[in-house]
Amino acid sequence: MKILVINCGSSSLKYQLMDMTDESVLSKGLVERIGIEGSILTHEVPGRDKEKIQTPMKDHKDAIANVLNALTDEKIGAIKSYDEIDAVGHRVVHAGEKYSGSVIITEDVINALEECIDLAPLHNPPNIIGIRATMELLPEAPMVGVFDTAFHQTMEPEAYIYPIPYELYEKHKIRRYGFHGTSHRYVSEKAAEMLGKDIADLKLISCHLGNGASVTAIKGGKSVSTSMGFTPLEGLAMGTRCGDIDPAIVTFIMEKENLNINQVNNMLNKESGVLGISGVSSDFRDIETAAKDGNERAALAIKAFDRRVKRYIASYAAVMGGVDGIIFTAGLGENSPTNRLAITDGLEFMGVEMDIIANDFRGSAKIVSKESSKVKVLVIPTNEELMIAKDTLELVK
Ligand code: ADP
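Those letters in the sequence shown? Residues 1 to 397, per the numbering used here, in order.
This is the structure in structure tokens:
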């Protein structure tokens, strides 16, 4: 069974074609600058050189048509014809309160996603456009939607309700939804495997630390608390997002800096986080370099970031009444031994003992705590595409 995984952003599209008989990647790639001058498709078949195809792509349908052409191309392709694609799995950001798991996409599902556009105005529209375009181009292939929010639908009301007038929840569905669900689910399942335990018996805290970053408490395989909220702006400090701040700051800066709603939104989403503090970059590699060269604000940004992750870990251990494993994943989590050390420093009181030598590596799945550590610390590269493909397989089988 061959499954195509599609992840549509506003002007980009990532894809991966997987052979589910052995979960191998047949091809993967990325389209950038959709609808903008300079559209480009980067296409890769493992073991061969990357191909770059520059051709105008006015919308997502154009982009998907080009991806399908590349996949079936005699020279650079991975399959002979469209018919070999048995099903398509789509990553969708927001499914509101409607879906707590992945589903076969029908017109009803698309309508439900359209109803959530208000909740994810930047993400759901391109996701929906991508689904419709793929349906037109591959009318025979069943489509499955895998939602970022679904994994967190197991949270109890006390974890998702905000302390604002309850009517706002009833009227506008303002509540915590949580994101990165596919990643948190994948790494928690993988952690149970690595620990040789049944996930039903485990209390895990997964730290997805990339450009966007979130922490989730997972008890018995179910999300019980997560740091992102109504939108992906809440929680940790991120590359450019502010995470938790006193809400009074918003109206204060609007008044003092004379900013309108769009400007303040832009500031909190795109000019804040570690970029905002450091003034250097949103990328941790640049910030670490600057800090090493003596830039104090860069050093401060890293310290402030790490401290928040630590705070969430400790509070989630309290929420679950203990923790068996802490997982680090995504760009920074997988690749930065120094940040993993800084984040776990001070958690010895909870039973965390890091193995400094084992921790000094990047990029693969490994336990980085000492044998004697009561709480295991694991580094696990996330694989949202594989999770989406597995869900798709399960539903279309
Ligand atoms: P996204 O949320 O965009 O998917 P990623 O999970 O790819 O993000 O993470 C990207 C971030 O990971 C980069 O901005 C960078 O800060 C961090 N990162 C990647 N590699 C390293 C590294 N070797 N050392 C430190 N940070 C890294």
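Don't be surprised by glycine CBs; every beta carbon is placed ideally from N, CA and C.
Since the model is a prediction, treat every value here as computed from it, not as a measurement.
So the beta strand (DSSP E) residue 7 belongs to, where does it begin and stop?
Run containing residue 7: 2 to 8, per the beta strand (DSSP E) assignment.
Between residue 234 and the rest of its own chain, which residues show a CB-CB distance below 7 Å, the 5 nearest in sequence each way excluded?
Counting only Cβ-Cβ distances below 7 Å, and skipping sequence neighbours, we find 227, 228, 243 and 244.
Going by beta-carbon coordinates alone, are residue 58 and residue 35 separated by less than 8 Å?
Yes, the pair counts as a contact, with Cβ atoms nearer than the cut-off.
Is the beta carbon of residue 181 less than 8 Å from the beta carbon of residue 330?
No, these two residues do not count as a Cβ contact at 8 Å.
Under 7 Å from any heavy atom of the ligand ADP, does the C-beta of residue 137 make it?
Every heavy atom of the ligand ADP is 7 Å or more from the Cβ of residue 137, so no.
Just to confirm the assignment, what range does the alpha helix (DSSP H) spanning residue 356 have?
That run of the alpha helix (DSSP H) goes 356 to 359.
For residue 361, count the other beta carbons within 10 Å of its own beta carbon; 16 or more makes it buried, fewer makes it exposed. Which is it?
Residue 361 comes out exposed.
Buried versus exposed call for residue 106 [16 or more other C-beta atoms within 10 Å across all chains shown]
Of the other Cβ atoms in all chains shown, fewer than 16 fall within 10 Å of the Cβ of residue 106; this residue is therefore exposed.
Rank 103, 217 and 26 by C-alpha distance to the C-alpha of residue 89 and give the top, closest one.
Taking each of 103, 217 and 26 in turn and checking the Cα distance to residue 89, the smallest one comes out for 103.
Would you say the beta carbon of residue 285 comes nearer than 7 Å to a heavy atom of the ligand ADP?
At least one heavy atom of the ligand ADP lies closer than 7 Å to the C-beta of residue 285.
Report the rounded CA-to-CA distance for residue 393 versus residue 291, giving the unit in angstroms.
Going by the C-alpha atoms only, they are around 46 Å apart.
State yes or no: is the C-beta of residue 363 within less than 8 Å of the C-beta of residue 339?
Not closer than 8 Å, so no.
Sort out for me which residues DSSP pairs residue 113 with in a bridge.
As computed with DSSP, residue 113 is found in no beta bridge at all.
Just grab the DSSP bridge partners of residue 103 for me.
DSSP output for residue 103 lists 145 as bridge partner(s).
Between the segment 62 to 82 and the segment 110 to 128, do at least 3 Cβ pairs fall closer than 8 Å?
Short answer: they don't touch.
With a Cβ-Cβ cutoff of 8 Å, do residue 375 and residue 324 count as a contact?
Closer than 8 Å, so yes.
Please report the residue range of the alpha helix (DSSP H) in which residue 42 lies.
Not the alpha helix (DSSP H): residue 42 falls in the beta strand (DSSP E), residues 40 to 44.
So residue 57 is in the alpha helix (DSSP H); what residue range does that whole segment cover?
Per DSSP, residue 57 is not a residue of any alpha helix (DSSP H), being assigned neither H nor E.
Would the beta-carbon of residue 10 be found less than 7 Å away from any heavy atom of the ligand ADP?
Flag unset: Cβ of residue 10 not near the ligand ADP.
Grouping DSSP H, G and I as helix and E and B as strand, with all else coil, what is residue 257?
In the three-state reduction of the DSSP assignment, residue 257 falls in the coil class, being assigned neither a helical nor a strand state.
Buried or exposed: residue 417, going by 16 or more other Cβ atoms within 10 Å of its Cβ?
This structure leaves residue 417 out entirely; the chain is present only between 1 and 397.
Residue range of the beta strand (DSSP E) that residue 341 falls in?
DSSP places residue 341 outside any beta strand (DSSP E); the residue lies instead in the alpha helix (DSSP H), whose first and last residues are 337 to 344.
Work out the CA separation of residue 150 and residue 21 for me, nearest whole Å.
The straight-line gap from Cα to Cα measures roughly 26 Å.
Are the Cβ atoms of residue 43 and residue 177 separated by less than 8 Å?
No; because the gap between Cβ atoms is not below 8 Å, this pair is not in contact.
Continuous alpha helix (DSSP H) stretch holding residue 187: start and end
From DSSP, the alpha helix (DSSP H) with residue 187 extends over 181 to 195.
Please list, in chain order, all residues of the same chain as residue 322 whose beta carbon is under 7 Å from its beta carbon, the five residues on each side excluded.
Excluding five sequence positions before and after residue 322, the CB atoms of its chain that fall closer than 7 Å to its own CB belong to 203, given in chain order.
Where residue 319 falls: helix, strand or coil (DSSP)
In the structure shown, the three-state DSSP call for residue 319 is helix.
Sequence-distant residues of the same chain with beta carbon closer than 6 Å to residue 190, five excluded per side:
If you ignore the 5 residues before and after residue 190, its C-beta comes within less than 6 Å of the C-beta of 380, all in its own chain and listed in chain order.
Sort 175, 167 and 7 by Cα distance to residue 134 and report the nearest one.
Measuring C-alpha to C-alpha distances from residue 134 to each of 175, 167 and 7 identifies 7 as the nearest.
Quick check: what's the CA-CA separation for residue 10 versus residue 37?
Each residue's Cα considered, the two are about 15 Å apart.
Just to confirm, does residue 362 get its C-beta within under 7 Å of one of the non-hydrogen atoms of the ligand ADP?
Within the cutoff, so yes.
Would you kindly check if the distance between the Cβ of residue 40 and the Cβ of residue 53 is under 8 Å?
Contact annotation: residue 53 and residue 40 have beta-carbon atoms nearer than 8 Å.
Out of 112, 154 and 1, state which residue places its alpha-carbon closest to the alpha-carbon of residue 79.
Nearest C-alpha to residue 79 among 112, 154 and 1: 1.
Out of curiosity, what's the CA-to-CA distance linking residue 368 and residue 23?
The C-alpha of residue 23 is placed about 26 Å away from the C-alpha of residue 368.
Could you check how far apart the C-beta atoms of residue 279 and residue 239 are, in whole angstroms? I think they sit under 8 Å.
With 8 Å as the limit, residue 279 and residue 239 do not qualify as a contact, their Cβ atoms being about 13 Å apart.
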